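One structure is given here, and the rest of the page talks about it.
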Amino acid sequence: MDEPEFKVIFEELTPKQRKVLQRFLAGETDEAIATALYLEPSTIRRHIANICKAFGFSNAEGEHYSHREELIDLFARHRSELVNPQLVYQGKFANLEFPGSPLTLKSPLYVERPPIEEQCLQEICKPGGLVRIRAPQYMGKTSLLHRILARASEINYATVRLNLRQAEAAVLADLDTFLRWFCVNLSQKLNLSVQLDDYWDGERFGSLVSCTTYFQFCILEQLHQNLVLGLDEVDWLFEFPQVAQGFFALLRSWHEEANNLEIWQRLRLVVAHSTEVYIPLNLNQSPFNVGLPIRLPELSIEQVQWLAKQYGWHSSIQAMQPLVSMVGGHPYLLQLAFYHLQQGKTLEQLLQAAPTQAGIYRDHLRRHWQVLQDYPELQTALDRVIANEP
Numbered sequence: 005m006d007e008p009e010f011k012v013i014f015e016e017l018t019p020k021q022r023k024v025l026q027r028f029l030a031g032e033t034d035e036a037i038a039t040a041l042y043l044e045p046s047t048i049r050r051h052i053a054n055i056c057k058a059f060g061f062s063n064a065e066g067e068h069y070s071h072r073e074e075l076i077d078l079f080a081r082h083r084s085e086l087v088n089p090q091l092v093y094q095g096k097f098a099n100l101e102f103p104g105s106p107l108t109l110k111s112p113l114y115v116e117r118p119p120i121e122e123q124c125l126q127e128i129c130k131p132g133g134l135v136r137i138r139a140p141q142y143m144g145k146t147s148l149l150h151r152i153l154a155r156a157s158e159i160n161y162a163t164v165r166l167n168l169r170q171a172e173a174a175v176l177a178d179l180d181t182f183l184r185w186f187c188v189n190l191s192q193k194l195n196l197s198v199q200l201d202d203y204w205d206g207e208r209f210g211s212l213v214s215c216t217t218y219f220q221f222c223i224l225e226q227l228h229q230n231l232v233l234g235l236d237e238v239d240w241l242f243e244f245p246q247v248a249q250g251f252f253a254l255l256r257s258w259h260e261e262a263n264n265l266e267i268w269q270r271l272r273l274v275v276a277h278s279t280e281v282y283i284p285l286n287l288n289q290s291p292f293n294v295g296l297p298i299r300l301p302e303l304s305i306e307q308v309q310w311l312a313k314q315y316g317w318h319s320s321i322q323a324m325q326p327l328v329s330m331v332g333g334h335p336y337l338l339q340l341a342f343y344h345l346q347q348g349k350t351l352e353q354l355l356q357a358a359p360t361q362a363g364i365y366r367d368h369l370r371r372h373w374q375v376l377q378d379y380p381e382l383q384t385a386l387d388r389v390i391a392n393e394p
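Heads up, the sequence shown is in our numbering, so the first residue is 5 and it goes up one at a time.
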């Protein structure tokens, strides 16, 4: 809304509406406003709802949003002298999600890493394109994957994300069972009919050929558009080598089919994983040495400062250097610190307790401790690093 339109609507408010609005923007509760104006709280809520509607914040049928935050934001832009600064602060930071989950597309906390996002989009626009995203846990792989799929949807590609960690151990007992699970999942997520019985003939052709046939005729040919398939948590399959070897060879063969058959050019793959590929794979059958490799870097100090501002922490680079010295540019660890700073803790308090069981990083440290318990050889290697041994 531009200034002239805002001014016209503002001047058309009734005297009673203006009184309610003035107190609302000052930060008073509905009950306090009602007491001051000798009205019922329900009447105050109705006045505020009508003011929101006057400025264009209305609900569609069946919706029941208050739009109060939008009203505050509008007046913060056009009549900031009327707005209690604390209201703007609370409205901006009250709904910030607790760190640890993939960031939604609308999240203000997502830090772009140019030129990675644009490179990924360019790759999936290529016939048979393949993107490989690799980074440690909680570095933003899934958040990036969501954005790749969203950009693909904007150019009218069909998209589907499959979290392979959802495949239970029973599903991963053998390759045929896993590939059937894979095909059924994709069909359901794409709202296509499941036709396994018509196209699956493992006895005569084997699981890999059956899966390829199903994917071509029951998915690619039914979509009539390019498909971006995002495979998340791929390293879960490394725990099941026989399944992984067959499945990864299949992905590689599909990628190469784009050079021979036009229909396979419609498939664009995005593969995300956390660790090195430590299972034996034939170089000519691996999807991990073709396509566009993406390694998510840690955030730069400028990106760290930008992220801090999203949490309302406006400090110099020098002031946040102790935090960066401890956790580097790891997005999750930084978000965890900024979240608790926004909740009222001081940086000194956070850093002092950080390496202990009472600190904000206790769960993160406990995960790594458990890995060392499960893999003693890593513990030995870590001891040598700490001791500065070769």
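Backbone N, C-alpha and C fix where the C-beta goes; we use that ideal spot for every residue, glycine too.
Since the structure is predicted, the reported quantities are computational estimates derived from the model, not experimental observations.
Going by Cα to Cα distance, which pick from 194, 275, 60 and 141 is closest to residue 375? Translated into positions along the sequence shown, residue 375 becomes position 371. Cα-wise, what sits closest to residue 375 is 141.
Boundaries of the alpha helix (DSSP H) in which residue 206 is found, first to last residue: One-based indexing of the sequence shown puts residue 206 at position 202. Start and end: 206-209.
What are the start and end residues of the beta strand (DSSP E) that includes residue 234? Against the sequence shown, residue 234 aligns to sequence position 230. From DSSP, the beta strand (DSSP E) with residue 234 extends over 231-236.
Contact check, residue 274 vs residue 382 under 8 angstroms by CB: the rounded distance? In the sequence shown, counting from the first residue as 1, residue 274 sits at position 270. In the sequence shown, counting from the first residue as 1, residue 382 sits at position 378. In this structure, residue 274 and residue 382 do not form a Cβ contact; the two beta carbons are roughly 29 angstroms apart against a cut-off of 8 angstroms.
Considering Cα atoms alone, identify which of 230, 210 and 101 is closest to residue 158. Your numbering for residue 158 matches position 154 in the sequence shown. Looking at the Cα atoms, 230 is the closest of the given residues.
Check residue 194 in the structure and name its three-state DSSP category. Taking the sequence shown and counting its residues from 1, one reaches residue 194 at position 190. Coil at residue 194, not helix or strand.
Three or more C-beta pairs closer than 8 angstroms, one from the stretch 208-228 and one from the stretch 244-254: is that the case here? yes
Under the rule that 16 or more other beta-carbon atoms within 10 Å means buried, what is residue 387, buried or exposed? As a first step, residue 387 is located in the sequence shown; it is residue number 383 there, counting from the start. Burial call: exposed.
Rounded separation between residue 42 and residue 50 - CA only: Along the sequence shown, read from residue 1 onward, the residue named residue 42 stands at position 38. Along the sequence shown, read from residue 1 onward, the residue named residue 50 stands at position 46. Taking the CA atoms as reference points, residue 42 sits about 15 angstroms from residue 50.
Out of 236, 365, 37 and 197, which has the shortest C-alpha to C-alpha gap to residue 27? Position 23 of the sequence shown, counting from 1, holds the residue named residue 27. For the residues 236, 365, 37 and 197, the minimum Cα distance to residue 27 belongs to 37.
Give me whichever residues DSSP pairs with residue 163 in a beta bridge. Walking along the sequence shown from the start, residue 163 turns up at place 159. Per DSSP, 232.
Contact check, residue 240 vs residue 169, beta carbons under 8 angstroms: If you number the sequence shown from 1, residue 240 lands on position 236. If you number the sequence shown from 1, residue 169 lands on position 165. Yes. Within cutoff.
Out of 31, 336 and 187, state which residue places its alpha-carbon closest to the alpha-carbon of residue 301. For the purposes of this step, residue 301 is identified with residue 297 of the sequence shown, where counting begins at 1. Of the candidates 31, 336 and 187, the one whose C-alpha sits nearest the C-alpha of residue 301 is 336.
What does residue 137 pair with, by DSSP beta-bridge criteria? Translated into the one-based positions of the sequence shown, residue 137 becomes position 133. DSSP, once it has assigned bridges, lists 276 and 298 as partnering residue 137.
Cutting at 6 angstroms between CB atoms, please list the residues of its own chain near residue 146, excluding the five before and the five after it. One-based indexing of the sequence shown puts residue 146 at position 142. Here the set comprises 106 and 236.
Would you mind working out which of 344, 346 and 304 sits nearest residue 115, comparing C-alpha positions? As a first step, residue 115 must be located in the sequence shown, where it is residue number 111. Ranking the options by Cα distance to residue 115, first place goes to 304.
7 angstroms CB neighbourhood of residue 44 in its chain, flanking five on each side removed: Within the sequence shown, numbered from 1, the residue matching residue 44 stands at position 40. The answer, listed in chain order, is 38.
With the cut-off set at 8 angstroms, would you say residue 196 and residue 226 are in Cβ contact? Looking up residue 196 in the sequence shown gives position 192. Looking up residue 226 in the sequence shown gives position 222. Result yes, Cβ atoms of residue 196 and residue 226 sit closer than 8 angstroms.
Cβ-Cβ separation, residue 314 to residue 112 (assumed contact under 8 angstroms), whole Å: Stepping through the sequence shown from its first residue, residue 112 is reached at position 108. Stepping through the sequence shown from its first residue, residue 314 is reached at position 310. Confirmed, Cβ separation roughly 5 angstroms.
Count the other CB atoms within 10 Å of the CB of residue 331; is the residue buried (16 or more) or exposed (fewer)? In the sequence shown, the residue the question calls residue 331 occupies position 327. Under this definition residue 331 is a buried residue.
Counting C-beta neighbours from all protein chains within 10 Å, is the total for residue 258 16 or more, i.e. buried, or is it exposed? The residue you call residue 258 lines up with position 254 of the sequence shown. Flag for residue 258 reads buried.
Among 25, 117, 110 and 118, which has the Cα closest to the Cα of residue 78? The sequence position of residue 78 within the sequence shown is 74, counting from 1. It is 25.
Could you check the C-alpha separation between residue 13 and residue 35 for me, to the nearest Å? As a position in the sequence shown, residue 13 is number 9, starting the count at 1. As a position in the sequence shown, residue 35 is number 31, starting the count at 1. Distance between the alpha carbons of residue 13 and residue 35 is about 26 angstroms.
Mapping DSSP to helix, strand and coil, what is residue 271? By one-based count along the sequence shown, residue 271 stands at place 267. DSSP places residue 271 in strand when its eight states are reduced to three.
Please confirm whether residue 120 and residue 321 have their CB atoms less than 8 angstroms apart. Position 116 of the sequence shown holds residue 120. Position 317 of the sequence shown holds residue 321. No, they are not a contact pair.
What span of residues does the alpha helix (DSSP H) with residue 52 cover, start to end? Indexing the sequence shown from 1 puts residue 52 at position 48. Run containing residue 52: 45-58, per the alpha helix (DSSP H) assignment.
Among 271, 290 and 20, the one whose alpha carbon lies nearest that of residue 228: Taking the sequence shown and counting its residues from 1, the one referred to as residue 228 is at position 224. Comparing Cα positions, the closest option is 271.
Here's the rule I'm using: 16 or more other beta-carbon atoms within 10 Å means buried, otherwise exposed. How should residue 109 be labelled? In the sequence shown, the residue the question calls residue 109 occupies position 105. Residue 109 is exposed by the Cβ-count criterion.
Just the C-alpha distance for residue 1 and residue 277, rounded to the nearest angstrom, thanks. Only positions 5 to 394 of the chain appear in the structure, and residue 1 is not among them; the question remains open.
Coil, strand or helix - residue 10 by DSSP: Counted from its first residue, the sequence shown places residue 10 at position 6. Residue 10 falls in the helix class under three-state DSSP.
Local Cβ density within 10 Å of residue 19, reported as buried at 16 or more and exposed below that: On the sequence shown, residue 19 is found 15 positions in, with the first residue counted as 1. It is exposed - the Cβ of residue 19 has fewer than 16 other Cβ atoms within 10 Å.
Who are the Cβ neighbours of residue 287 in its own chain at under 8 angstroms, not counting the five residues just before and after it? Locating residue 287 in the sequence shown gives position 283, where the first residue counts as 1. Closer than 8 angstroms at the Cβ level, and outside the excluded window around residue 287, lie 293.
Nearest to residue 101 by alpha carbon, out of 366, 354, 343 and 391? The count along the sequence shown starts at 1 and reaches residue 101 at position 97. Nearest option by C-alpha distance: 343.
In or out: residue 373 buried (at least 16 other Cβ within 10 Å) or exposed? Within the sequence shown, the letter at position 369 stands for residue 373. Exposed is the call here.
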